[in-house]
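Single-structure report; data block below.
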Amino acid sequence: MEGGGGGGEEWLRPMDAEQLRECGHRMVDFVADYYKSIEAFPVLSQIPHLLTSGDKRSLTRVHVTVALGPGYLKELLPDSAPRQPDTLDSIFDDIRQKIIPGVTHWQSPNYFAYYPSNSSTAGFLGEMLSAAFNIVGFSWITSPAATELEVIVLDWFAKMLQLPSQFLSTALGGGVIQGTASEAVLVALLAARDRALKKHGKQSLEKLVVYASDQTHSSLQKACQIAGIFSENFRVVIADCNKNYAVASEAVSEALSIDLSSGLIPFFICATVGTTSSSAVDPLPELGQIAKSYDMWFHIDAAYAGSACICPEYRHHLNGVEEADSFNMNAHKWFLTNFDCSLLWVKDKSFLIQLLSTNPEYLKNKASQANSVVDFKDWQIPLGRRFRSLKLWMVLRLYGVDNLQSYIRKHIHLAEHFEQLLISDSRFEVVTRRTFSLVCFRLVPPTSDQDNGRKLNYDLMDGVNSSGQIFITHAVLSGKFVLRFAVGAPLTEEQHVDAAWKLLQDEATKVLGKMV
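So in full-length UniProt numbering the end of the sequence shown lands on 516, straight run, no missing numbers.
Next up, the structure:
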């Protein structure tokens with residue numbers, strides 16, 4: 001079929017095997033070339049600066065003639081969709097010239113910001129296959145393999161983490177893939193809320209109290225807002241700086257006692273294994289006992305550091321998971337599984353199903369009606385769901401547990417190497433004890449500095465980020481503006497850590513010189 005506007009070329013049909021083969025090969029080549037040249041790009045998108053170049057076909061260069069900043073893309077693209085089909089070549093040109101300048105390269109070996117978001121060949125292939133099948137696997141009957149593979153790989157992963165047997169599909173619990181840890185904590189909180197309301201009565205909603213530390217991820221606060229938990233009942237306990245910013249169980253007990261004496265109902269505790277600011281590990285055994293004593297739901301957020309716990313030498317950080325009602329970790333962070341793939345296990349799946357199950361006539365079928373299958377639509381907020389277990393299955397099969405453990409250990413070793421480099425330069429200090437692959441540090445301010453090094457370290461961070469050579473982010477701990485160096489990109493090697501350190505040293509010399 002001929003299409004207008006394409007110079008007489010055959011237009012791209014909605015699905016044609018041979019066209020897919022040809023275009024797919026070209027896209028894979030494009031992606032492979034991107035990864036091959038990824039170090040040539042500024043890690044952090046340099047959109048605020050004017051970028052110019054003459055060679056529009058080079059992936060590492062762009063051809064832009066307008067000043068770039070917020071809203072830059074609107075100036076570069078038409079204000080309405082094309083009436084006639086465009087060519088793949090034209091789209092590739094636009095990606096090179098207009099899209100890539102606005103991309104921060106999370107897979108760059110010089111990316112040390114936030115926490116990693118891993119991509120891999122196995123994960124990429126799994127995503128391709130999921131896109132090929134393009135199922136909407138909300139119930140078992142819509143694609144039995146999608147449901148059953150998810151059950152199997154979640155059981156595999158639970159065994160790798162040595163989770164209690166109650167979290168396996170063969171028991172009352174089981175695992176499910178959510179989109180993000182934010183979704184996981186939301187469904188856990190909703191299940192806990194409904195369990196509490198059934199026990200204390202629906203009128204008790206205004207009395208329900210949630211407990212977390214000031215280092216807990218902000219997704220819990222959002223979950224409370226969605227769940228109708230009164231804002232004044234979201235109890236934030238200050239973490240203990242002497243315990244690497246883990247929460248002290250005694251402080252939680254004290255807050256809980258005050259609330260009980262006020263007639264409130266404690267019902268949910270969230271602990272973290274690998275906090276965002278400093279990768280702190282909360283005391284799971286003690287918090288689990290508190291939750292058990294007061295019949296509270298105990299949720300563990302191990303979104304970042306859960307991956308490390310497949311290594312025997314780090315498994316002890318999960319001691320106390322036996323008392324948890326739900327446990328979550330992100331395979332898309334540090335486990336070579338492309339975003340999104342957040343793993344949630346619950347000890348008793350009935351709480352999720354009672355809360356989230358719907359059974360309209362148009363979804364009824366024999367298998368579901370007989371309660372002989374798992375319907376994951378009843379374990380999550382949305383109805384539809386992607387075939388996400390494919391990519392995790394492929395990661396586990398194509399790499400194997402031994403290689404995945406080595407991958408985690410390599411990043412932790414590189415973080416330890418960076419930590420030692422910091423210690424060797426008296427101008428810097430390591431602010432908290434390193435546990436996994438995150439190093440928290442700062443440039444020590446002069447004693448005369450009036451803002452305790454905030455501007456000094458902000459300028460250091462801004463300087464190295466603006467160079468495009470690396471990307472790091474910050475946190476604030478005990479009032480100190482702290483820089484975070486998180487190792488975890490799949491391509492990162494020791495040479496990249498060394499180069500980052502040299503850049504930080506040089507920039508430190510500049511910002512300290514400006515203070516004289």
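Glycine is no exception: its CB is placed at the ideal position from the N, C-alpha and C atoms.
The structure presented is a predicted model; accordingly, all values stated were derived computationally and were not measured.
| Check | Outcome |
| --- | --- |
| Status (buried if at least 16 other CB within 10 Å, exposed otherwise) for Asp378 | buried |
| Exposure label - Leu260; buried when at least 16 CB within 10 Å | exposed |
| Under the three-state DSSP convention, the category His217 falls into | coil |
| Separation of Thr337 from Asn118, as counted between CA atoms | 6 angstroms |
| Spatial distance of Tyr458 from His299 (CA atoms) | 34 angstroms |
| Glu22 classed as buried or exposed, judged by whether at least 16 other C-beta atoms fall within 10 angstroms | exposed |
| Contact between the segment 301-317 and the segment 138-150 (3+ Cβ pairs under 8 angstroms) | no |
| Contacts around Phe167, its chain only, beta-carbon distance under 8 angstroms, and the 5 residues preceding and following it disregarded | Ala158, Gly173, Gly174, Gly175, Phe327, Trp345, Val346, Lys347 |
| C-beta atoms of Leu483 and Arg434 nearer than 9 angstroms | no |
| DSSP-derived helix/strand/coil call for Tyr114 | coil |
| Where the beta strand (DSSP E) through Ile269 begins and ends | 265-272 |
| Close Cβ partners of Glu206 (< 6 angstroms) along its chain, the five nearest in sequence each way excluded | Phe230 |
| From Ala324, His332, Gln450, Val252, residue whose alpha carbon lies closest to that of Pro266 | Val252 |
| Which of helix, strand or coil DSSP assigns to Ala223 | helix |
| Top-ranked residue by Cα proximity to Ala113, from Pro70, Val487, Phe351, Phe41 | Val487 |
| Nearest candidate by alpha-carbon position, reference Ser120, set Ser218, Trp334, Lys202 | Trp334 |
| Burial state of Ala191, where buried means 16 or more other Cβ atoms lie within 10 Å | buried |
| Residue burial classification, Ile269 (beta-carbon count within 10 angstroms, cutoff 16) | buried |
| Gly384 classed as buried or exposed, judged by whether at least 16 other C-beta atoms fall within 10 angstroms | exposed |
| Which listed residue (Gly288, Thr509, Met296, Ala415) has its alpha carbon closest to that of His496 | Ala415 |
| Burial state of Ala331, where buried means 16 or more other Cβ atoms lie within 10 Å | buried |
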